[in-house]
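Colleague: First the structure, then my questions, so here it is.
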Amino acid sequence: MDTRRRPPKPRRPTSSQDGGGHHLHQKRLPPTIDNSSPSSPPKASDALPLPLYLTNAIFFTLFFSVAYYLLYRWRDKIRNSTPLHVVTFPEIAAIISLTASFIYLLGFFGIDFVQSFITRSSHDAWELEGSHNPNFLINKDHRLVTCPPPSSIDPIPKLPNPETIITPLASVEDEEIVKSVTEGTLPSYSLETKLGDCKRAAVIRREALQRTTGRSLEGLPIEGFDYDSILGQCCEMPVGYVQIPVGIAGPLSLNGMEFMVPMATTEGCLVASTNRGCKAIYASGGASSVLYADGMTRAPVVRFETAKRASELKLFLEDPDNFDTLSTVFNRSSRFGRLQGIQCAMAGKNLYIRFKCSTGDAMGMNMVSKGVQNVLDFLQADFPDMEVIGISGDFLFIDFLFFHNWLGNYCSDKKPAAVNWIGGRGKSVVCEAIIKEEIVKKVLKTSVASLVELNMLKNLAGSAIAGALGGFNAHASNVVSAIFIATGQDPAQNVESSNCITMMEAVNDGKDLHISVTMPSIEVGTIGGGTQLASQSACLNLLGVKGASRESAGSNSVLLANIVAGSVLAGELSLMAAIAQGQLVKSHMKYNRSSKDISTVAS
1 MDTRRRPPKP
11 RRPTSSQDGG
21 GHHLHQKRLP
31 PTIDNSSPSS
41 PPKASDALPL
51 PLYLTNAIFF
61 TLFFSVAYYL
71 LYRWRDKIRN
81 STPLHVVTFP
91 EIAAIISLTA
101 SFIYLLGFFG
111 IDFVQSFITR
121 SSHDAWELEG
131 SHNPNFLINK
141 DHRLVTCPPP
151 SSIDPIPKLP
161 NPETIITPLA
171 SVEDEEIVKS
181 VTEGTLPSYS
191 LETKLGDCKR
201 AAVIRREALQ
211 RTTGRSLEGL
221 PIEGFDYDSI
231 LGQCCEMPVG
241 YVQIPVGIAG
251 PLSLNGMEFM
261 VPMATTEGCL
271 VASTNRGCKA
281 IYASGGASSV
291 LYADGMTRAP
301 VVRFETAKRA
311 SELKLFLEDP
321 DNFDTLSTVF
331 NRSSRFGRLQ
341 GIQCAMAGKN
351 LYIRFKCSTG
361 DAMGMNMVSK
371 GVQNVLDFLQ
381 ADFPDMEVIG
391 ISGDFLFIDF
401 LFFHNWLGNY
411 CSDKKPAAVN
421 WIGGRGKSVV
431 CEAIIKEEIV
441 KKVLKTSVAS
451 LVELNMLKNL
461 AGSAIAGALG
471 GFNAHASNVV
481 SAIFIATGQD
491 PAQNVESSNC
501 ITMMEAVNDG
511 KDLHISVTMP
521 SIEVGTIGGG
531 TQLASQSACL
541 NLLGVKGASR
551 ESAGSNSVLL
561 ANIVAGSVLA
571 GELSLMAAIA
581 QGQLVKSHMK
591 YNRSSKDIST
601 VAS
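With the first letter of the sequence shown counted as 1, position 163 gets the number 163 in UniProt numbering; the numbers rise by one all the way through.
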């Protein structure tokens, strides 16, 4: 149901005490006191000769086209040592067009201010309360409706308000803002800026969404959350937050320390199974892990006129004599980011350059992007014919014209890729443990021989037949995702962070089990992004890795990566034991199925 354009209801007969009559109960948008003028109030965009969307498209295209043209011309002048103030007629026309389009776009984003004054002057809420016109009144949800003269006909029965869709707001002003959003005169994304109150903006946006879609958001909580904490860094246009239960697995005995691991999940058995694996590891003396590589990557793609020129840049970047110069340029961007290496790949006349650097306790992709930008600017002097096409990574609107309009995909971020599986990305960790024979039998309810055979058939041979890429494990992504959500990591990076190969073999004359997980691309951080939110920060604090380490830069993120690997080890051990013993289906039927009548709950 679209409340912005609702057709009038058809006339229908109603019976009255005097024998009959007809009555029309009609809502008018927007409300006005003058019943002789049912048309919509004037809008600032009505003065445009073309429809608003066409005008916007023309000026947006004009603005970016002439901006690109001027930047291209100025770059040529700099290369040719031509004074910038010497301009040609096309350049003068481009400057005028750029100025005109900029003025229009500036005015366009201010139209909602003008419209608010025009609308308020014609149907201000206080004027409606003072109206003496007997044929209009305001109903409970602040809508203006017409009423017939009481002497002629009786009113038809009033339709019930959709209580789950229209919620009374705190003030008349909020109601007017909701109407502006639903009518399209006030962009929903600008509410935080215009109101200066993130919580109030979320409430208004939520109500406008319910009225526009006709769907209720009852059950999606909005109270009890700090919306200021996500502004500009975690989520745009919020209307509430999703509750995910957090369970605890542990203690996980790892490298002589014990950790209680928070896991946010809605999958039954996951926490219980991981907890059983932790118990088996603990009873066997604990696990040990080691970090064997640490470096985040970014990969721009540049293009030349010929493949020969692309190969010349490749040789320049891979020359060890040039590394010190490049690293000095790269390292200017951050006191933590330190260039470790550059790997290049060619495709015709296109060159893909994979930069790898340390990032301290941050996950670090933006940190690497800044360093990459420094190097590209430096290379432009010696390779003026180099055209930067793209750099792989996330899309961030604020960086659209800077880092993230580059799309190289050689990093590779949030996609299954052999380059991460082979070369690593983020933290590369190996975790291992020896599970004693009696623990395998008593806690895991299976045998060493059964686990070794199952691992070979399932995780190794089965994954190979499936053509798996980094997926030689039972369910590493289950554990990784649960910890990522609980600790404020980027859930989408579960894709490469779950790269894992699980190995099992019998040791000590076949009595005990040696199990290990090798994870070459765990991408975690303890500062930035979602780690700053209160709930996620509390989970990091539980693990003892909250924020940046004061003793050793990067040690908190390294410890978190080790905990992730140790938890995956526990999860793999328990799940494989359940499969070997034939208990997987039984446990899921017991712990992962709800007895609630969902249809009753929904109603």
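Backbone N, C-alpha and C define an ideal beta-carbon position, used for all residues, glycine too. Predicted model only: the values in this text are computed from it and were never measured.
When the Cα atoms are used, what is the spatial distance from Asp226 to Lys199?
Modeller: So the alpha carbons of these two residues sit roughly 8 Å apart.
Colleague: So, using beta-carbon positions, are Val517 and Ala548 closer together than 9 Å?
Modeller: Cβ atoms of Val517 and Ala548: not closer than 9 Å.
Colleague: Considering just the uninterrupted stretch of the alpha helix (DSSP H) at Asn556, what are its terminal residues?
Modeller: That run of the alpha helix (DSSP H) goes Ser555 to Gln581.
Colleague: In angstroms, rounded to a whole number, what distance separates the CA positions of Thr502 and Ile230?
Modeller: Going from the Cα of Thr502 to the Cα of Ile230 covers about 37 Å.
Colleague: Ignoring anything shorter than 4 residues, give me the alpha helix (DSSP H) runs that lie fully in the segment 303-380, in order along the chain.
Modeller: Runs found: 307-318 and 320-330.
Colleague: Closest to Lys356 by C-alpha separation, out of Val372, Ile483, Val66 and Ala362, would be which residue?
Modeller: The option with the nearest alpha carbon to Lys356 is Val372.
Colleague: Would you mind sorting Asp361 into buried or exposed? The rule is 16 or more other CB atoms within 10 Å of its CB.
Modeller: So Asp361 ends up on the buried side.
Colleague: For Val86, tell me which candidate among Trp74, Val271 and Ile96 has the shortest Cα-Cα distance.
Modeller: Comparing Cα positions, the closest option is Trp74.
Colleague: So what's Thr487 in DSSP terms, helix, strand or just coil?
Modeller: Reduced to three states, the DSSP call for Thr487 is helix.
Colleague: So, with DSSP's three-state summary, where would you put Asp174?
Modeller: Residue state, collapsed to three classes: helix.
Colleague: Return the bridge partner residues of Asp294 from the DSSP annotation.
Modeller: Bridge partners of Asp294: Lys427.
Colleague: In angstroms, rounded to a whole number, what distance separates the CA positions of Gln581 and Gly277?
Modeller: Each residue's alpha carbon lies about 15 Å from the other.
Colleague: Near Glu192, what residues of its chain come up, given a Cβ to Cβ distance below 7 Å and the 5 sequence neighbours on each side ignored?
Modeller: So the list reads Cys198, Ala201 and Leu231, once near-sequence residues are dropped.
Colleague: Quick one: give me the first and last residue of the beta strand (DSSP E) that Val507 is part of.
Modeller: Cys500 to Val507 is the span of the beta strand (DSSP E), which, as asked, contains Val507.
Colleague: Strictly by DSSP, which residues pair up with Val246?
Modeller: Ala264, per the DSSP bridge assignment.
Colleague: Given 8 Å as the limit, is there contact between the segment 304-318 and the segment 418-428, that is, 3 or more CB pairs closer than that?
Modeller: They do not touch, by the three-pair rule.
Colleague: Could you check whether Asn473 and Asn420 sit closer than 9 Å to each other, using their CB atoms as the reference points?
Modeller: Not closer than 9 Å, so no.
Colleague: To the nearest angstrom, how far is it from the Cα of Gly467 to the Cα of Glu218?
Modeller: Each residue's Cα considered, the two are about 44 Å apart.
Colleague: How far does the alpha helix (DSSP H) with Ile281 in it extend, from its first residue to its last?
Modeller: Start and end: Leu270 to Ala283.
Colleague: Check whether the Cβ atoms of Pro251 and Leu542 sit closer than 9 Å, and answer yes or no.
Modeller: Result no, Cβ atoms of Pro251 and Leu542 do not sit closer than 9 Å.
Colleague: Less than 8 Å between the CB atoms is what I'm expecting for Ser333 and Asn275, so what's the real figure, rounded?
Modeller: Not confirmed; about 42 Å, so no contact.
Colleague: Distance check for Glu223 and Ser216, CA to CA, integer angstroms please.
Modeller: Cα to Cα, Ser216 sits roughly 16 Å from Glu223.
Colleague: Can you tell me whether Thr325 is buried or exposed? The criterion is at least 16 other CB atoms within 10 Å of its CB, across all chains shown.
Modeller: Thr325 should be labelled exposed.
Colleague: In terms of residues, what are the limits of the beta strand (DSSP E) holding Thr518?
Modeller: Residues Asp512 to Ile522.
Colleague: Hey, Ser567 and Ala249 are a contact pair by Cβ (cut 8 Å); roughly how many whole angstroms apart?
Modeller: That pair is a contact at about 7 Å.
Colleague: If I measure Cβ to Cβ from Ser284 and keep anything under 6 Å in the same chain, skipping five residues before and after, which residues do I get?
Modeller: Counting only Cβ-Cβ distances below 6 Å, and skipping sequence neighbours, we find Ile435, Lys436 and Ile439.
Colleague: Per DSSP, what are the beta-bridge partners of Met257 in this structure?
Modeller: Paired residue(s): Leu254.
Colleague: Taking the alpha carbon of Asn255 as the reference point, which residue from Glu267, Val239, Thr266 and Gly286 has its own alpha carbon closest?
Modeller: Comparing Cα-Cα distances from Asn255 to each of Glu267, Val239, Thr266 and Gly286, the minimum goes to Gly286.
Colleague: Please list, in chain order, all residues of the same chain as Pro238 whose beta carbon is under 7 Å from its beta carbon, the five residues on each side excluded.
Modeller: Ala202, Tyr227 and Ile230, listed in sequence order.
Colleague: List the endpoints of the continuous alpha helix (DSSP H) containing Val495.
Modeller: Asn494 to Ser497 is the extent of the alpha helix (DSSP H) around Val495.
Colleague: So, for Ser463: in the same chain, excluding its five sequence neighbours on each side, which residues have a beta-carbon less than 6 Å away from its beta-carbon?
Modeller: Excluding sequence neighbours, Ser463 sits near Gly471 and Phe472.
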